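Asker: Quick one: this structure, given as structure tokens, is what I'll be asking you about.
Residue numbers (this note's numbering): 26 to 323.
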């Protein structure tokens, strides 16, 4: 077996074993007794890809070179700005497109937002600022701060997926299959959480398989963009910034609905309409990645 294939096999075995073992052994039992800890418990999963990468490097004795952890700002500021602000812009465009196509689903009273505040113990009626101001603050916070605030947990994933898995997939197979398989692997890695209702809820027709399939499609598109910024800069830091930025603003469109919308359609980027700008942005990125691979093979 070629070194890259062996490294990839060990890495994936560890990433899935650690994450799925933790999900079924810790998260699932805890949800039966204390559902309020779900967010904290699931955040831990984001560090397993990086941990698996470090363990793989030890087990395969490949060392710790080419970690793709240096920021490499020089000549890449434009890519960093795209990575930091691009996901938020794409999410907002997707939400806007959804409401243009489904105007009846736009709730000017922000029923879902009000319900979320009520559930958090801070009812809107107790706020001293107008609803419009709260929305603007939420959007500004999502666009300006999410990438930094979520950098560390996002790096826990990206140091593994884009910093380790994708270079080896790209080395062992042709560009298009590598990008597709990388997204499917990343999507399947989420399967235990998707079955719990993460992103897509529960009880829908085809649960949980339809949700897992939808997550794979989302991960293919977003994974292409994350791979692009990683290869453009030679660092997985901008991928972590982009991942954190999207996580921080992904739910903003739901605030303008009465029920959160349809996770398979929109306004969230996990839906086919809400995620359409992200999918379209991934096309030129995929073309660039495939051409880059072809040039290195000449």
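Idealized CB from N, CA, C, for every residue including glycine.
Treat the numbers as computed from the prediction; the structure is a model and nothing was measured.
Where does residue 32 land, buried or exposed, given buried means 16+ other C-beta within 10 angstroms?
Answerer: It counts as buried.
Asker: Between the C-alpha atoms of residue 264 and residue 181, what's the straight-line distance to the nearest angstrom?
Answerer: For residue 264 and residue 181, the distance between alpha carbons rounds to 11 Å.
Asker: Which residues in the same chain as residue 307 place their Cβ atom closer than 7 Å to its Cβ, once the five residues preceding and following it in sequence are excluded?
Answerer: The residues are 246, 249, 250.
Asker: Is residue 172 helix, strand or coil by DSSP?
Answerer: Three-state result, residue 172: helix.
Asker: Looking only at its own chain, which residues have a Cβ that is under 7 Å from the Cβ of residue 46, when we skip the five neighbours before and after it?
Answerer: For residue 46, where only same-chain residues beyond five positions count, there are no Cβ hits under 7 Å.
Asker: Apart from the five residues just before and just after residue 30, which ones in its own chain have a Cβ nearer than 7 Å to its Cβ?
Answerer: Around residue 30: 197.
Asker: Which of helix, strand or coil does DSSP assign to residue 299?
Answerer: Residue 299 falls in the coil class under three-state DSSP.
Asker: How would you call residue 157, buried or exposed, if buried means at least 16 neighbouring beta carbons within 10 angstroms?
Answerer: By the neighbour-count rule (16 or more Cβ atoms within 10 Å), residue 157 is not buried but exposed.
Asker: Which residue wins for smallest C-alpha separation from residue 261, given the options 62, 50, 69, 97?
Answerer: Ranking 62, 50, 69, 97 by Cα distance to residue 261 puts 97 first.
Asker: Does DSSP classify residue 287 as helix, strand or coil?
Answerer: Looking at residue 287 - three-state DSSP - the assignment turns out to be strand.
Asker: If you draw a straight line from the C-alpha of residue 143 to the C-alpha of residue 41, how long is it?
Answerer: Their Cα atoms are separated by approximately 37 Å.
Asker: For residue 84, which of helix, strand or coil comes out of DSSP?
Answerer: If DSSP states are grouped into helix, strand and coil, residue 84 belongs with the helices.
Asker: Indicate whether at least one CB of chain B lies closer than 8 Å to the CB of residue 121.
Answerer: Looking for chain B here will not work: only one protein chain is present.
Asker: Helix, strand or coil: which one does DSSP assign to residue 293?
Answerer: Reduced to three states, the DSSP call for residue 293 is coil.
Asker: Please return the same chain residues whose Cβ sits closer than 6 Å to the Cβ of residue 93, not counting the five positions on each side in sequence.
Answerer: 188, 260, 261, listed in sequence order.
Asker: Leaving aside the five residues before and after residue 35 along the sequence, list all residues of the same chain whose C-beta is less than 7 Å from its C-beta, in chain order.
Answerer: Excluding residues within five positions, the ones whose Cβ falls inside 7 Å are 81, 84, 85.
Asker: What are the complete alpha helix (DSSP H) segments, minimum 4 residues, inside the region 199-283?
Answerer: For the region 199-283, whole alpha helix (DSSP H) runs of length 4 or above, ordered along the chain, are 200-214, 216-221, 234-258, 262-274.
Asker: Give me the Cα-Cα distance between residue 269 and residue 56, rounded to the nearest whole angstrom.
Answerer: Near 25 Å, if we compare the C-alpha coordinates of residue 56 and residue 269.
Asker: Can you tell which of 163, 218, 295 has its C-alpha closest to the C-alpha of residue 69?
Answerer: Cα-wise, what sits closest to residue 69 is 218.
Asker: May I have the straight-line CA-CA distance separating residue 283 from residue 199, to the nearest angstrom?
Answerer: C-alpha separation (whole angstroms): 45 Å.
Asker: Mark residue 125 as exposed unless 16 or more other C-beta atoms lie within 10 angstroms of its C-beta, in which case mark it buried.
Answerer: Under this definition residue 125 is an exposed residue.
Asker: Near residue 49, which residues of its chain fall below 8 Å by C-beta distance, leaving aside the five closest residues on each side in sequence?
Answerer: So the list reads 217, once near-sequence residues are dropped.
Asker: Tell me the rounded alpha-carbon separation between residue 172 and residue 223.
Answerer: Approximately 21 Å, taken between the alpha carbons.
Asker: Starting from the C-beta of residue 215, find all residues in its chain whose C-beta is less than 6 Å away, skip the five residues before and the five after it, and write them out in chain order.
Answerer: The answer, listed in chain order, is 240.
Asker: Let me know the secondary structure DSSP gives residue 322 once reduced to three states.
Answerer: Residue placement at residue 322 cannot be trusted, given a pLDDT of 44 that sits under 50; what the coordinates show is reported in the next sentence. Three-state result, residue 322: helix.
Asker: If the criterion is Cβ atoms closer than 8 Å, does the pair residue 294 and residue 286 meet it?
Answerer: Against a cut-off of 8 Å, the Cβ pair of residue 286 and residue 294 comes out as no contact.
Asker: If you reduce the DSSP assignment to three classes, tell me which class residue 90 lands in.
Answerer: DSSP places residue 90 in coil when its eight states are reduced to three.
Asker: Using the C-alpha atoms, what's the distance from residue 175 back to residue 272?
Answerer: Those two C-alpha atoms are separated by around 8 Å.
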